[in-house]
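Protein chains in written order, with our numbering: chain A, 208 to 534; chain B, 208 to 534; chain C, 208 to 534. Glycine included, C-beta positions come from ideal geometry on N, C-alpha and C.
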Amino acid sequence: MRHFTHLKDLTPEEIQSILRQARIWKTVPPDHIFLNKILAMVFFNPSLRTRLSFEAAMLRHGGHAIALEVGSGSWNLEIESGAIMNSNKPEHVREAVPVISRLADIVGVRSFSLGLSHEEDDRDSVIHAFKSLSSVPVISMESAREHPCQGLADMLTIQEHFEELRPKVTLAWAPHIKSLPKAVPHSFLLSASAMGYDITVAHPPGYELATSVIKEAQNLSQRSGSRIRFSHNLDSAIQDTQVIYAKAWGPSSPLAAPLDTLTSWMTHERHLKLADPKSIFMHCLPVRRNVEVHDSILDSRQCKVIDEAENRFHIQRALIHFLLSHS
Amino acid sequence: MRHFTHLKDLTPEEIQSILRQARIWKTVPPDHIFLNKILAMVFFNPSLRTRLSFEAAMLRHGGHAIALEVGSGSWNLEIESGAIMNSNKPEHVREAVPVISRLADIVGVRSFSLGLSHEEDDRDSVIHAFKSLSSVPVISMESAREHPCQGLADMLTIQEHFEELRPKVTLAWAPHIKSLPKAVPHSFLLSASAMGYDITVAHPPGYELATSVIKEAQNLSQRSGSRIRFSHNLDSAIQDTQVIYAKAWGPSSPLAAPLDTLTSWMTHERHLKLADPKSIFMHCLPVRRNVEVHDSILDSRQCKVIDEAENRFHIQRALIHFLLSHS
Amino acid sequence: MRHFTHLKDLTPEEIQSILRQARIWKTVPPDHIFLNKILAMVFFNPSLRTRLSFEAAMLRHGGHAIALEVGSGSWNLEIESGAIMNSNKPEHVREAVPVISRLADIVGVRSFSLGLSHEEDDRDSVIHAFKSLSSVPVISMESAREHPCQGLADMLTIQEHFEELRPKVTLAWAPHIKSLPKAVPHSFLLSASAMGYDITVAHPPGYELATSVIKEAQNLSQRSGSRIRFSHNLDSAIQDTQVIYAKAWGPSSPLAAPLDTLTSWMTHERHLKLADPKSIFMHCLPVRRNVEVHDSILDSRQCKVIDEAENRFHIQRALIHFLLSHS
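Structure, rendered in structure tokens:
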């Protein structure tokens, strides 16, 4: 049985094969490949785009999806072994996960970072508990450390626009009114490293990504031939790039400049002009217009955020098929 | 591509043809006319009856429905162009709607009046934003100005009981503990005007319907031969009528008598006796018994509110089929 | 038309036949026995396990389930006849239930005890209102008095482990941080009485089950040959038993010892050693580990709580099929 909760759950060959499958099926959709199959989606954090894209993938092909919202008032799950369960968590994953996996063919889990520490995010306790207790494949719908379906959907989007082996991509930190989790930028960095891209990550000082993720990306790059650079200068990081990938995330250090002093990091039409004339603009959505990214980019022809969102559907269809075929 | 968010989206001939289709399929249900089709239902306001009737229409015929609840804590949509999105609305319709319409075959939207003004309701900004941004048909599940599926379900119910060309129908204002939106009475007036009925609208002074809706109804009546009268006297408005359609709505003027002084507008068995002996009683539901309408009417044989609710299913099935056939 | 909201809705022969059907289909699943059928699930109280098991039963066999959450803010149902509906309950069951049953083929209802009194629980007003107003079969997803699907799933679990006619079963009261409803222990007692088992119910003084339920169980036992004993001593009640069924429920008397003085009632590995060496441990879940039941039992081989939860699916599939076949 196979799971997909972190990029390293797949070999580089499997990643390529899943991307290939996703592109083929985007052109020629398959038939009822999920006939009578049930995806149980367990949401520790709410979602609409993710739910819609996963549910549509099942429904389009004869399958079904059931959404279970954890912690919406009544149902919190304990994950600690040996816990004396006299608090507000009435059920342990040791019961909940085996029961869910008896009734479903594949289990999706969304469990965000609690924002405590990189170490805590690295542990990714909730999704690892699901993996160890489930009798059917587990697929991540975003966890504390990574959002691997987003990462692969992003690679699919880049592949659709650039034939060359090593496009130049820039992950550009963006301002936001909140301190957001790092799962999406982590998955972009890891996926692009596995693909062998020429990567620049630009962010203000004190907004570093997790060390363990950077190390994993560097290991991937040694095999793939990828190149990874970090920069504190948005303009130079975007110079001649082919992909601007904007994303907000929270500080890694208490000494980081506060969010409201970093408004100049909002990407703007003028940044597009620094980039390659054929460059594309990406963002995982939802995007706060004129806070993270200016209207002039989002309404431009180079903006591919809708295609990118649609590609979530295509990559997830290929991934679910892969997991069900190996279970 | 066609949408159905306001009655005027259909020609009079199309309205008749959809009513005919709904009646035929009510007797002889069609087969899998929605095979593998997905209806995405976007609820800015919660719903149960509407969700059940739309979802059942899809499921009965091989299709599927996915409910997305906007603004339930986490997901509010910005609709203003050029907004600096630093408030509690993390996503713009310019991204949300194209993404939803990439994954669905038809999009349902429910977005109530904010109760600000008739002008604001007339603008119906949310549902118009969906229409302009969606790549698939949009169907209203009630918006600020109209509830057009309810309006046509009401016409279907009247047609089932009266063979004559011009039944006499009375829209009777009803008391309520809250100031309710006018979408339902607007749609009843517009639909009945398009059908050529003999219409009386009875309400207390200061509870006028929107001027723009009345004008549209008068225009429709010129073509259909409908007759529209307004009255401040419930008894005389009900005299000899064939259809009593009770509905609560809020005041249009600050000088309107307060709701708690208008309890005599509650329809009661004695009103049935003023009407035609074969008259029917209608209400869109939910109804507050013994506040809007007395038990003696709701428990009478002339009460057709359950049939009327069931007809939502039948008319929506015909409408969704119409929209999918024209997309 | 048949309903299943209380155990007495089925004859002893029907109970046996449904258990037989459930066991057969657990081995050899049936085909599309629910093709195009819709189960409407009305939740006055939230649920995940129940929703998942009911929804999976429909989806696995060509059917569908629609979940309607009552009272989650916007939709409370009035059940009193003649009520003047000017409070926070905007809809009466007299409208809601007929409408739901026009659009669905079977209606599931979950409506917990309000914890007022045994008499109030016995009345079970909400679910009886649904039965009297629905035009399609009603199935309980747990009500104030009983949780009959759980009761039959429990019998299925016991049958799978014990070939003998009259296994010795012990319903063991368990501590909890809250005062829980009695529907589950009621249904265990009633079902085991109908099956003819040798039953011991152990609980602290002041935690009696409802008198009307005990009487019904005693009546059932006269026909089935069951034996029912009550005990205030957990150890002696478990001695040589074949089934330990732990369950927390609230006090029946204001003189009952407070919950926090009863921690010695938590079942523990040492209790397993008092029981028959081949005994099994059961619990309806969710279970608070190390409060109701110690880890040493839940992680033991004798613990069958996951099988028991899965059996909810199997028994509900057989029950829904029975009800649809008789409608």
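For residue 525 of chain B, the enclosing alpha helix (DSSP H) has its first and last residue at 512-532.
C-alpha of residue 387 of chain B to C-alpha of residue 455 of chain B: approximately 6 Å in a straight line. Of all alpha-carbon atoms in A:239, A:330, A:416 and A:343, the one lying nearest the alpha-carbon of residue 315 of chain A is that of A:343. DSSP places residue 335 of chain C in the helix class (H, G or I) of the three-state scheme. In the DSSP annotation of this structure, the continuous segment of the beta strand (DSSP E) that includes residue 407 of chain C starts and ends at 405-409. Residue B:394 holds the alpha-carbon nearest to the alpha-carbon of residue 360 of chain B among B:369, B:330 and B:394. At least 9 Å separates the beta-carbon of residue 468 of chain A from that of residue 453 of chain A.
If you check the CB distance, residue 237 of chain B and residue 528 of chain B come in under 9 Å. Taking 7 Å as the cut-off between beta carbons, the residues of the segment 243-270 of chain C near chain A are 253, 255, 256, 259, 260, 262, 263, 266 and 267, in sequence order. Taken in chain order, the members of the segment 502-533 of chain B whose beta-carbon sits within less than 8 Å of a beta-carbon on chain C are 502, 505, 506, 512, 513, 516, 517 and 520.
Not flagged as an interface residue toward chain A: residue 208 of chain B, since no C-beta distance is shorter than 9 Å.
Within the segment 223-237 of chain A, no residue places its CB atom closer than 8 Å to a CB of chain B. At least one C-beta of chain C is nearer than 9 Å to the C-beta of residue 493 of chain B.
Residue B:312 holds the alpha-carbon nearest to the alpha-carbon of residue 208 of chain B among B:241, B:290 and B:312. If you check each beta-carbon in the segment 308-334 of chain B against every beta-carbon of chain A, the ones closer than 8 Å belong to 309, 310 and 311.
For residue 498 of chain B, the neighbours in chain C by C-beta distance under 8 Å run, in chain order, 291, 292 and 293. A distance below 9 Å separates the beta carbons of residue 340 of chain A and residue 300 of chain A. Residues of the segment 382-402 of chain A with a C-beta atom less than 8 Å from some C-beta of chain B are 384, listed in chain order.
In this structure residue 270 of chain A does not touch residue 233 of chain A by the C-beta definition: roughly 18 Å separates them, more than the 8 Å allowed.
In the structure shown, the three-state DSSP call for residue 208 of chain C is coil. Residues of chain A with a Cβ closer than 9 Å to the Cβ of residue 441 of chain B do not exist, since the nearest Cβ in that chain sits about 44 Å away.
Inside the segment 478-503 of chain B, DSSP marks whole beta strand (DSSP E) runs of 3 or more residues at positions 487-489, from first to last along the chain. With respect to chain A, the C-beta atom of residue 453 of chain B has no partner C-beta closer than 9 Å. Per DSSP, reduced to three states, the secondary structure at residue 358 of chain A is helical. By the 16-neighbour rule on beta-carbons within 10 angstroms, residue 466 of chain C is buried. In terms of Cα proximity to residue 511 of chain A, the closest of B:302, B:348, B:357 and B:274 is B:302. Every unbroken stretch of the beta strand (DSSP E) spanning 3 or more residues and falling wholly within the segment 251-294 of chain B is given here in chain order: 271-276.
For the options B:246, B:283, B:272 and B:337, the alpha carbon positioned closest to that of residue 253 of chain A is the one of B:283.
With at least 16 other beta carbons inside 10 angstroms of its own, residue 357 of chain B counts as buried. In the displayed model, residue 215 of chain C falls within a helix according to three-state DSSP. One alpha carbon belongs to residue 491 of chain C, the other to residue 408 of chain C, and they sit about 16 Å apart.
The beta carbon of residue 296 of chain B sits closer than 7 Å to those of 283, 284 and 285, all from its chain and outside the five residues before and after it, given in chain order.
Residue 346 of chain A and residue 259 of chain C do not touch by the CB rule: their CB atoms are close to 17 Å apart, not below 8 Å. Look at residue 474 of chain B here: in three-state DSSP terms it is strand.
Residue 350 of chain C and residue 246 of chain A have their C-alpha atoms some 29 Å from each other.
With a cutoff of 9 Å on beta-carbon distance, residue 482 of chain A and residue 523 of chain A are scored as not near each other.
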